[in-house]
Structure formats: structure tokens, C-alpha cells
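Q: The sequence shown begins at 5 in my numbering and counts up by one. In this text, a Cβ means the ideal position worked out from N, Cα and C, and glycines have one as well. This structure is a prediction, so every number in the text was calculated from the model and none was measured. Dropping the structure in here first, questions after.
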Amino acid sequence: MKYEGNTHVYAIDNIDTDRIIPGKYTKTLDTSIFANHVLEDLDPEFAQNVQTGDILVADNNFGCGSSREQAPIAIKSAGISIIIARSFARIFFRNAVNVGMPVIEVPRHNIEPEDKIEADLSQGKVHNITKGEVYEGTKMPVVMLSIFNAGGLISYLKKHKTYAPS
């Protein structure tokens with residue numbers, strides 16, 4: 005699975021779920037509201053500047069805080085194709101997988117705003133096209149790649165006929 009796009013870089017540790025999508029917007033199922041307000045407390049212009057296919061890059065412990073699933077849904081709804089971080093909060097990482105928001109941990113990189121990036125989840129590599137550099141990331145297990153390809157865990161389970169709603 006490869007993703008290519010321009011970057012939005014936030015070189016800040018511990019960006020929590022409240023900064024990703026403020027709690028006052030989480031009481032809806034309308035994901036366009038999430039998209040309109042994603043990262044607004046961190047970068048008020050983000051929602052207006054993001055383009056479909058762009059890549060979000062963060063530092064350590066991205067997505068810490070509450071366990072709200074709306075955080076990766078908000079990022080996905082805004083059109084971000086993949087999130088690259090030096091590390092993720094574990095609950096955010098799992099929620100991202102569950103909702104089909106591709107993520108990759110890349111502990112060492114030199115990615116800057118507006119760099120053109122190609123991320124290959126199956127190889128665990130990120131190619132900075134702008135700088136001609138390649139960074140090693142975490143290689144995704146096949147089952148996680150399948151979940152991303154399906155668009156999230158529920159779609160994956162339905163496809164494999166292991167989902168039985170109650």
C-alpha cells in the first residue's frame with residue numbers, strides 16, 4: 005500500500021485527541037463537522053488548507069489523551085491519506101486501524117512542511133521525494149494492511165464474513 009502527497013508537519017510531542025478534534029464537536033455522526041474542525045486548536049487554518057491525499061506528519065505520542073474514535077475519523081474525513089509520526093499513543097493507533105486511517109511510525113526522519121512524500125506501508129518505508137531521502141518505519145502486518153484496504157475493521161470483518169451485528 006503506497007500513499008503519496010504533500011505534508012502538513014507538526015513537530016510537537018503529545019498532540020492529544022482534544023487538539024485533534026475538540027470535544028464540543030464529537031456529539032454528532034456528521035463527519036463533515038469533524039473535517040471542518042480538525043486540528044483547529046493547533047492550527048486554525050488546517051481545515052481550509054488540507055487537500056485530499058495530503059499527509060499529516062507529527063512527532064512523539066501523537067493521539068494521546070482520551071480514547072475517542074472521532075480523532076482518527078476527523079483526520080480521515082479531512083482527506084488526509086496517511087499519518088506519519090515518530091510514535092503514536094497506542095489507543096489512537098488502534099482506533100486509526102479500526103476506522104481505516106492508515107498510520108506508520110517513523111522514529112527518524114527529516115520531513116518538513118510541503119515536502120512530497122511516498123509512504124509504503126507494506127515495506128515500512130517513507131520516501132521523501134523532495135529531499136531524495138528514505139526513512140525506515142514500522143512494517144505493517146498483513147492483517148492490518150487488509151483492514152486498511154477494506155476501509156476499516158467493520159468492512160474487513162463483513163468481507164471475511166466474521167461480522168454478525170446483534
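#1: Would you mind working out which of Val-147, Ile-158 and Asn-65 sits nearest Ile-87, comparing C-alpha positions?
#2: Only counting the same chain, and skipping five residues up and downstream in sequence, which positions put a Cβ closer than 7 angstroms to that of Ile-79?
#3: In terms of residue numbering, what span does the beta strand (DSSP E) encompassing Asp-124 cover?
#4: Check this for me: beta carbons of Thr-134 and Asp-119, under 7 angstroms apart or not?
#5: Going by other Cβ atoms of all chains shown within 10 Å of its Cβ, with 16 needed for buried, is Pro-117 buried or exposed?
#6: Helix, strand or coil for Val-54? Go by DSSP, reduced to three states.
#7: Val-147 by DSSP, collapsed to three states: which one?
#8: Assuming Tyr-160 and Ile-151 form a contact by the criterion Cβ under 8 angstroms, report the distance between their Cβ atoms to the nearest whole angstrom.
#9: What does DSSP give as the partner residues of Ile-108 in its beta bridges?
#10: Which of helix, strand or coil does DSSP assign to Lys-165?
#11: Less than 8 angstroms between the CB atoms is what I'm expecting for Thr-35 and Gly-67, so what's the real figure, rounded?
#12: Give me the residue from Lys-163, Glu-122, Lys-143 and Ser-126 with the minimum Cα distance to Glu-137.
#13: Would you call the segment 51–60 and the segment 84–104 in contact, with 3 or more CB pairs under 8 angstroms?
#14: Ordered along the chain, which non-local residues of its own chain (more than five positions away) have a Cβ less than 6 angstroms from that of Val-110?
#15: Quick one: what's got a C-beta closer than 7 angstroms to Asp-17's C-beta in the same chain, skipping five residues either side?
#16: Please tell me whether Glu-73 and Asn-99 are closer than 7 angstroms, where the distance is taken between their beta carbons.
A: Taking the structure as given:
#1: Counting from 1 along the sequence shown, the entry for residue 87 is found at position 83. Checked all of Val-147, Ile-158 and Asn-65; the closest Cα to Ile-87 is Asn-65.
#2: Walking along the sequence shown from the start, residue 79 turns up at place 75. Excluding positions up to five away in sequence, the list reads Ile-24, Val-42, Leu-60, Ile-87 and Met-105.
#3: For the purposes of this step, residue 124 is identified with residue 120 of the sequence shown, where counting begins at 1. Segment 120–124, the beta strand (DSSP E) holding Asp-124.
#4: Mapped onto the sequence shown, residue 134 falls at position 130. Mapped onto the sequence shown, residue 119 falls at position 115. Yes, these two residues count as a Cβ contact at 7 angstroms.
#5: Looking up residue 117 in the sequence shown gives position 113. Burial call: exposed.
#6: Position 50 of the sequence shown, counted from the first residue, corresponds to residue 54. In this structure, Val-54 counts as coil in the three-state DSSP scheme.
#7: For the purposes of this step, residue 147 is taken as residue 143 along the sequence shown, with counting starting at 1. Correct three-state label for Val-147: helix.
#8: Translated into the one-based positions of the sequence shown, residue 160 becomes position 156. Translated into the one-based positions of the sequence shown, residue 151 becomes position 147. Sure, about 5 angstroms apart at Cβ, within 8 angstroms.
#9: Taking the first residue of the sequence shown as position 1, residue 108 is located at position 104. Note: Ile-108 sits in a beta bridge opposite Ile-88.
#10: By 1-based counting over the sequence shown, the position of residue 165 is 161. DSSP places Lys-165 in coil when its eight states are reduced to three.
#11: For the purposes of this step, residue 35 is taken as the residue at position 31 of the sequence shown. For the purposes of this step, residue 67 is taken as the residue at position 63 of the sequence shown. Not really, about 17 angstroms apart at Cβ, beyond 8 angstroms.
#12: As a first step, residue 137 is located in the sequence shown; it is residue number 133 there, counting from the start. The shortest C-alpha separation from Glu-137 is found at Glu-122.
#13: yes
#14: Residue 110 sits at position 106 when you count from the first residue of the sequence shown. Correct list, in chain order: Ile-88, Val-130, Tyr-139 and Gly-141.
#15: Here residue 17 corresponds to residue number 13 of the sequence shown, with the count starting at 1. Closer than 7 angstroms at Cβ, skipping near neighbours: Asp-63, Asn-64 and Asn-65.
#16: The residue labelled residue 73 in the question sits at position 69 within the sequence shown. The residue labelled residue 99 in the question sits at position 95 within the sequence shown. For Glu-73 and Asn-99, yes; Cβs fall inside 7 angstroms.
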